[in-house]
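Chemist: According to my numbering, the stretch in the sequence shown is residues 24 to 456, in order. I'd like to ask you about the structure that follows.
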Amino acid sequence: MESNGSSLQTTERKTFTIHLISQVFNGIAIGILLLQDVILKKTLSGSNFEVMILSLLVSSAFVFSIYGSELVNRSRSRAKTILIIGITAKFFQIIIPLFNNPVYYIICLALSAYLDSLLLSIWNIVFKHNYTDTNRSKLYSYASSLQTVFVLIITTVSGYLLDINGDYYKILFPVAGVFGIFVYISLAKMINLSMDDYKGKNNSSKTYYSFKLIKDIAVLPLRNTARIFRENKPFLRFEAYFFLYGMAFMVLSPVIPVFLVDDLKLTYSPISLAKGLIFHTALIIFTPLMGRHHGTGNPTRFCGYVFSLLALFPLMLISSKYFSVNSFNIDAEIILYVSYFIFGLAMSGVTIAWSLSSIYYAPKNEVSNYQAVHITLTGVRGLFSPALGYAVMKIFEIEYSFYLSAFLFMLGGILMWRESKNFKKLSKKNVMT
Numbered sequence: 024m025e026s027n028g029s030s031l032q033t034t035e036r037k038t039f040t041i042h043l044i045s046q047v048f049n050g051i052a053i054g055i056l057l058l059q060d061v062i063l064k065k066t067l068s069g070s071n072f073e074v075m076i077l078s079l080l081v082s083s084a085f086v087f088s089i090y091g092s093e094l095v096n097r098s099r100s101r102a103k104t105i106l107i108i109g110i111t112a113k114f115f116q117i118i119i120p121l122f123n124n125p126v127y128y129i130i131c132l133a134l135s136a137y138l139d140s141l142l143l144s145i146w147n148i149v150f151k152h153n154y155t156d157t158n159r160s161k162l163y164s165y166a167s168s169l170q171t172v173f174v175l176i177i178t179t180v181s182g183y184l185l186d187i188n189g190d191y192y193k194i195l196f197p198v199a200g201v202f203g204i205f206v207y208i209s210l211a212k213m214i215n216l217s218m219d220d221y222k223g224k225n226n227s228s229k230t231y232y233s234f235k236l237i238k239d240i241a242v243l244p245l246r247n248t249a250r251i252f253r254e255n256k257p258f259l260r261f262e263a264y265f266f267l268y269g270m271a272f273m274v275l276s277p278v279i280p281v282f283l284v285d286d287l288k289l290t291y292s293p294i295s296l297a298k299g300l301i302f303h304t305a306l307i308i309f310t311p312l313m314g315r316h317h318g319t320g321n322p323t324r325f326c327g328y329v330f331s332l333l334a335l336f337p338l339m340l341i342s343s344k345y346f347s348v349n350s351f352n353i354d355a356e357i358i359l360y361v362s363y364f365i366f367g368l369a370m371s372g373v374t375i376a377w378s379l380s381s382i383y384y385a386p387k388n389e390v391s392n393y394q395a396v397h398i399t400l401t402g403v404r405g406l407f408s409p410a411l412g413y414a415v416m417k418i419f420e421i422e423y424s425f426y427l428s429a430f431l432f433m434l435g436g437i438l439m440w441r442e443s444k445n446f447k448k449l450s451k452k453n454v455m456t
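Structure representation (structure tokens):
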């Protein structure tokens, strides 16, 4: 037992070092990609409909996460499969400068997002098996905070560069692609350190390319999802309430770029300042605190807090439109910055909950499957939520999309709170019996 404990501690230290390095690379890549919708709207003169299509495609990409878990875990070499998928994904970001066209731009980013989604659940194998239960949330929050520092810097700098020349995106996206490849090289190294009972390395070349394997990869994830929800009702309820948060988040995705560019008429600099410096400063400050509060127990109460807090974000953001009129002596940009600080505060909790909460519900050998289900549902809501936000904006007024988002955030928070109380009652009942 002591030997196993010592081995896990050694693995944890090595993993944490590589994890920190990977998050530096990831922060640089994400810092550039955060402005992709604004670039489409402002530099490429994309229509509101094209902004919605980009949001829908990028959001719905998560549907394919469930297939990535099967594909990687059944391969002869998980590390090699991760590198093949990861490099291909980032290739589409590297070739974005070839054509100055909104449709081409959308296709490249969508293909990159769909391939990226195949590897999202694989990170949870590392988090589950390479980190101890005691340190998992804490170490994850430290690595996440480091990533956030670089996102903050890169997004802010990118905004100022794009204000100088909008065509600088043709340099920035290949840079994001290259650093994204480094992220997957790091993930491949960490997966090789994993102490789970991976058996894929024993697969022969024949079975690796068999029709049965391809059929299993296509069909089994759907069966696994149905089985998981059938066997684990608390996880089903958790995902249903998390779904409401995700809808609220994605309803805004095609609306915010239009609001910032057309309604508030902002340049890249204040937008990047809000989405970069302000938002991520709040993430840096509060992520370690949220990591300690999330812990390893039932995550529903924690989610109830942060979802309810998120409801303030769309309400404050839309208010900037009205504070900018002459009867109020408050600059709309100040309201924008306050809104994104609150957004960053709440999302520091959501980021941890999104990445780690499924581990609470998952049996030891199914952690990547549970996270794949969690991520895939993100893609399912991405199939319609951006279109819903766009439709509300077109049929009514743009502010009604913000009101709908606030309602869904609050509803998700209330239901999570109710679930946490049910969990407490059940725990007390079990103790008494």
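Backbone N, C-alpha and C define an ideal beta-carbon position, used for all residues, glycine too.
In the structure shown, what three-state DSSP assignment does T188 receive?
Modeler: The sequence shown places Asn at residue 188, not Thr. Reduced to three states, the DSSP call for N188 is coil.
Chemist: Applying the criterion that 16 or more other CB atoms from any shown protein chain within 10 Å of the CB defines a buried residue, is A249 buried or exposed?
Modeler: It is exposed - the Cβ of A249 has fewer than 16 other Cβ atoms within 10 Å.
Chemist: DSSP three-state call for F266: helix, strand or coil?
Modeler: Three-state result, F266: helix.
Chemist: Do F330 and L267 have their CB atoms nearer than 9 Å?
Modeler: Yes, they are a contact pair.
Chemist: Fully enclosed by the segment 340 to 402, which alpha helix (DSSP H) runs are 4 residues long or longer?
Modeler: Runs found: 355 to 384.
Chemist: Roughly how many whole angstroms lie between the Cα atoms of K113 and S135?
Modeler: Near 6 Å, if we compare the C-alpha coordinates of S135 and K113.
Chemist: Taking C-beta to C-beta, are L312 and S371 nearer than 9 Å?
Modeler: Yes, the Cβ-Cβ distance between L312 and S371 is below 9 Å.
Chemist: Taking DSSP as the reference, what is the three-state secondary structure of K444?
Modeler: Residue state, collapsed to three classes: helix.
Chemist: Whole angstroms are fine: how far does the CA of A376 sit from the CA of R441?
Modeler: Distance between the alpha carbons of R441 and A376: 17 Å.
Chemist: Is the separation between the beta-carbon of F85 and that of G435 shorter than 9 Å?
Modeler: No, the pair does not count as a contact, with Cβ atoms beyond the cut-off.
Chemist: Are the Cβ atoms of F48 and V206 separated by less than 9 Å?
Modeler: Going by C-beta atoms, F48 is nearer than 9 Å to V206.
Chemist: Mapping the DSSP letters down to three states, classify Y137 as helix, strand or coil.
Modeler: In the structure shown, Y137 sits in a helix (DSSP, three-state: H, G or I).
Chemist: I'd like the span of the alpha helix (DSSP H) that includes K151, first residue to last.
Modeler: Counting along the chain, the alpha helix (DSSP H) containing K151 begins and ends at 146 to 153.
Chemist: Please go through the same chain and pick out, in chain order, the residues whose beta-carbon is closer than 8 Å to the beta-carbon of K256, but skip the five residues on each side of it.
Modeler: Excluding sequence neighbours, K256 sits near nothing in its chain.
Chemist: Less than 9 Å between the beta carbons of A211 and L106, yes or no?
Modeler: Taking 9 Å as the Cβ cut-off, A211 and L106 qualify as a contacting pair.
Chemist: Report the three-state DSSP secondary structure of T290 (helix, strand or coil).
Modeler: The answer is coil: DSSP assigns T290 none of H, G, I, E or B.
Chemist: Exposed or buried, which one is D60 when buried takes at least 16 other CB atoms within 10 Å?
Modeler: Buried: at least 16 other Cβ atoms inside 10 Å.
Chemist: Let me confirm a value: P322 is counted as buried when at least 16 other C-beta atoms fall within 10 Å, else exposed. Which label applies?
Modeler: Answer is buried; the Cβ neighbour count reaches 16.
Chemist: Do I341 and E422 come within 9 Å of each other at the CB atom, strictly closer than that value?
Modeler: Contact flag set, yes.
Chemist: So Y128 and L80 are in contact, right, with Cβ under 8 Å, and what is the actual spacing, rounded?
Modeler: The pair is not a contact, with the Cβ atoms about 11 Å apart (cut-off 8 Å).
Chemist: Note the first and the last residue of the continuous alpha helix (DSSP H) segment covering L111.
Modeler: Before going on, a small fix: residue 111 reads as Thr here, not Leu. Looking at the DSSP string, the run of the alpha helix (DSSP H) that includes T111 is 101 to 117.
Chemist: Counting along the chain, where does the alpha helix (DSSP H) carrying R324 start and finish?
Modeler: Segment 323 to 333, the alpha helix (DSSP H) holding R324.
Chemist: Would you mind listing the alpha helix (DSSP H) stretches within the segment 67 to 100 that are 4+ residues and don't spill past its ends, in chain order?
Modeler: Whole alpha helix (DSSP H) segments, 4+ residues: 71 to 83, 88 to 96.
Chemist: Spatial neighbours of K344 within its chain, please: CB distance less than 6 Å, with the 5 preceding and 5 following residues excluded, ordered by chain position.
Modeler: D286.
Chemist: Give the straight-line distance between the Cα atoms of I55 and N445, rounded to the nearest whole angstrom.
Modeler: Using only the alpha carbons, I get a separation of about 42 Å.
Chemist: Can you find the residues in the same chain that come closer than 8 Å, C-beta to C-beta, to L169, ignoring five residues on each side of it along the sequence?
Modeler: So the qualifying residues of the chain are L43, Q46, V47, G50.
Chemist: Would L400 and E262 qualify as a contact pair, given that the criterion is a beta-carbon distance under 9 Å?
Modeler: Going by C-beta atoms, L400 is nearer than 9 Å to E262.
Chemist: How long is the line joining the alpha carbons of I117 and S443, rounded to whole angstroms?
Modeler: Answer to the nearest angstrom: the Cα atoms are 45 Å apart.
Chemist: Out of curiosity, what's the CA-to-CA distance linking N225 and Y163?
Modeler: Note that N225 has pLDDT 48, beneath the 50 cutoff, so the model's placement of it is unreliable and the number below is only indicative. Each residue's Cα considered, the two are about 31 Å apart.
Chemist: Got a sec? Which residues, its chain only, sit under 6 Å from A305 by beta carbon, not counting five neighbours each side?
Modeler: Excluding residues within five positions, the ones whose Cβ falls inside 6 Å are F364, G367, L368.
Chemist: According to DSSP, simplified to helix, strand and coil, what is E254?
Modeler: It is helical.
Chemist: Note down, in chain order, each residue of its chain lying with its Cβ closer than 7 Å to the Cβ of Y191, except the 5 sequence neighbours on either side.
Modeler: Cβ within range, chain order: L184, L185.
Chemist: Taking F425 as the reference, which of V390, L335, M439, V373 has the closest Cα?
Modeler: Of V390, L335, M439, V373, the residue nearest in Cα terms is L335.
Chemist: For C131, collect the residues of the same chain with a Cβ closer than 6 Å to its Cβ; drop the 5 residues on either side in sequence, then sort them by chain order.
Modeler: For C131, where only same-chain residues beyond five positions count, the Cβ hits under 6 Å are F115, I119.
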